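Worksheet for the structure shown next.
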Amino acid sequence: MLESRRFRIALRLCREHKAIHIGFVILLLSGLVPGPVSAQTPPSTPVATDEPFPEYEMDLFFDPSKRSIEGSLSVEWTNTTGGEQSDIYFRLYPNADYYGNGETLVGEVNVDGQPVETEIQDDPTVLQVTPPAPVAAGDSVTIGLQFLTVIPVDSAAGFGIFQHDSQADIWNLADWYPILAGYEQETGWYLQEPTPFGDPTFSETSRYDVTIEIPDTMLLISTGETTATQPGLAGTSKQSIETGPAREFAMTLLPADVEQVATAAADVTIQVTLPRDRSVPGLAEFMAETAAGALKQYELWMGDYPSPELDISVADLSGANAVSWSGTTWFGLESIVADGELSEEEKVGLAFVILHEVGHQWIADIVGSNNNDHGFMTEGLVNALAVLAANDIYGADRADVYLRSWVAGPYSSLLNDGRDGIADAPISNETIGVLRTLLVYGKAAVGFIAIWNDLGETAFLDALEAYSREFRFAISEPDDLMGAFEDAADAELDELWSFWFSEADATREDLDAVLEACTAELQAAS
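Under numbering that gives the first Met the number 0, the letters of the sequence shown match residues 0 to 525, in that order.
Written as structure tokens, this is what we have:
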């Protein structure tokens with residue numbers, strides 16, 4: 000009988016590979032503190048791109064009674080697009096219709112101090128700014144504007160990343176300010192209509208200098224680090240925040256009665272901040288220690304974390320366990336704290352979510368890509384890396400549980416029904432959210448594990464390091480990632496790459512072949 004192409008691929012995935020040399024000890028499944036990481040030589044500190052980052056300055060006032068953030072923004076932008084630009088575009092994500100009574104209003108706009116014409120496009124999240132003269136490649140302009148953002152109440156849109164959680168009085172603020180639209184060399188400014196399926200942000204790495212006045216009864220947690228605090232008007236304080244290179248600026252405001260735990264991961268402070276009603280004994284300590292172990296592992300693979308601090312806090316999320324931004328991560332903890340204790344089973348599940356979200360600090364916060372068009376490059380790759388990180392930190396048995404249950408389990412239900420889909424597909428308002436989750440988080444992660452099986456650990460990690468170095472603080476495309484794997488292994492991956500990411504022909508047998516090959520390699524190295 001002639002074998003099908005996919006069955007030949009499955010057989011190839013099961014062949015013997017070079018032994019994987021991983022230095023780790025297997026910890027008890029209930030262990031609180033991650034064990035030693037693999038004895039891999041850390042990559043030398045990557046050098047940031049020579050292209051200048053946009054420089055944002057914001058002077059803001061947060062008024063919870065009006066659910067608003069009001070103030071001024073200026074951004075120095077250098078034209079790195081390679082061609083002359085007669086218009087510059089900002090995204091006003093709060094104007095998306097799914098945010099209901101949320102919105103961003105923009106007042107007078109100036110470029111280098113001169114008032115200029117602006118236009119809100121048919122999609123109200125797109126603001127077109129027309130400078131007095133076209134901006135030549137390599138030239139810089141400073142765009143200034145006044146804006147007012149109104150924050151929706153209890154909004155489940157986009158996982159709940161932009162809303163006031165009225166019950167807990169927590170303000171989760173992502174995509175809340177006018178931000179320069181992302182730019183792609185082949186297609187230009189990215190101006191696609193945002194969808195309610197998660198985070199729509201696509202932007203280039205920037206630096207931020209932010210001053211915000213808030214009620215002195217509230218605590219602010221954000222991207223970057225606080226450099227100064229001083230009294231503001233009656234009952235308020237002014238906080239100054241600066242960031243290094245960051246993909247965006249996100250912040251959380253919450254009542255000041257919190258539990259805070261900090262731990263060190265080399266030169267980085269991991270700080271966990273939990274409201275008293277969103278914590279149980281040992282939870283903050285567990286989250287901090289787990290995140291510290293994850294951060295050390297990812298630094299070994301992908302280079303230095305670029306900030307002195309990583310903040311972890313909470314959000315009332317819808318359809319997600321956690322979300323990650325540059326320098327800060329939010330977790331939905333309601334189900335964990337509901338019974339007043341942190342069980343061993345909950346630790347195992349929470350550890351995987353932490354491994355995943357810390358991985359996002361590199362993919363795609365440091366190493367950028369367009370998550371709207373190529374979500375498999377972020378969610379799929381990070382899910383695969385979380386499994387491999389668990390292998391080094393906790394051992395093969397834990398990694399296998401994560402691979403089969405958390406990563407492949409939901410996707411296998413699709414294959415069991417005789418269905419499949421394409422992992423590398425752009426998101427749109429016609430996207431079926433549940434199906435996308437199965438493909439982007441599940442199938443794509445299995446595809447990257449298949450590549451790990453095929454190349455062996457050494458070539459896979461060499462590719463990851465090279466990719467992370469070349470596109471540190473830059474924007475990458477799928478061909479860039481595939482090219483890194485091919486270069487490291489001196490092999491062609493077209494067929495394997497296409498099968499898992501661009502086609503919809505996988506079966507349960509294909510999935511099982513990848514899982515069995517991975518389990519065998521993990522167990523052989525333990």
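Even for Gly, the Cβ is constructed at its ideal location relative to N, Cα and C.
For clarity, every value in this text was computed on a predicted model and none was experimentally measured.
{"Asked": "Unbroken beta strand (DSSP E) run spanning Y88, endpoints", "Found": "87 to 90"}
{"Asked": "Three CB pairs or more closer than 8 Å across the stretch 440 to 458 and the stretch 378 to 395", "Found": "yes"}
{"Asked": "Continuous beta strand (DSSP E) stretch holding F161: start and end", "Found": "161 to 164"}
{"Asked": "Coil, strand or helix - D461 by DSSP", "Found": "helix"}
{"Asked": "At least 3 beta-carbon pairs within less than 8 Å: the stretch 414 to 424 vs the stretch 502 to 509", "Found": "yes"}
{"Asked": "Helix, strand or coil at L31 according to DSSP, with G and I counted as helix", "Found": "At L31 the pLDDT is 32, less than 50, meaning the model places this residue with poor confidence and gives no usable figure here."}
{"Asked": "Minimum C-alpha distance to E344 - residue among L282, E54, A245", "Found": "L282"}
{"Asked": "D276 in three-state terms, based on DSSP", "Found": "helix"}
{"Asked": "contact_flag[the stretch 150 to 160, the stretch 303 to 320] where n(CB pairs < 8 Å) is 3 or more", "Found": "yes"}
{"Asked": "Per-residue burial, N369 [other beta carbons within 10 Å of its own, 16 or more giving buried]", "Found": "buried"}
{"Asked": "C-alpha gap between S139 and R418, whole angstroms", "Found": "51 Å"}
{"Asked": "Residues near E56 in its chain [Cβ-Cβ closer than 6 Å; skip 5 each side]", "Found": "S73, D208"}
{"Asked": "Inter-residue CB distance, P274 and M217 (contact presumed, cutoff 8 Å)", "Found": "P274 to M217, Cβ: 12 Å. No contact."}
{"Asked": "CB contact flag (I353, T289, <8 Å)", "Found": "yes"}
{"Asked": "Straight-line Cα distance separating V260 from R435", "Found": "36 Å"}
{"Asked": "Coarse secondary structure for Q360, derived from DSSP in three states", "Found": "coil"}
{"Asked": "Beta-ladder partner(s) of W188, from DSSP", "Found": "Y182"}
{"Asked": "S411, enclosing alpha helix (DSSP H) - first and last residue", "Found": "407 to 415"}
{"Asked": "Touching by the beta-carbon criterion (3+ pairs, under 8 Å), the stretch 263 to 280 and the stretch 187 to 197", "Found": "no"}
{"Asked": "Length at least 3, wholly inside the stretch 285 to 320: the beta strand (DSSP E) runs in chain order", "Found": "308 to 313"}
{"Asked": "Reference E258, options E284, W405, K237, closest by Cα", "Found": "E284"}
{"Asked": "Length of the line joining the Cα atoms of T235 and P477", "Found": "47 Å"}
{"Asked": "Y176 beta carbon less than 8 Å from that of F526", "Found": "In this structure the chain extends from 0 to 525, so residue 526 is not present and cannot be described."}
{"Asked": "S43 in three-state terms, based on DSSP", "Found": "Residue confidence is low: S43 scores 42 on pLDDT, short of 50, so the model does not pin down where it sits. No coordinate-derived value is stated."}
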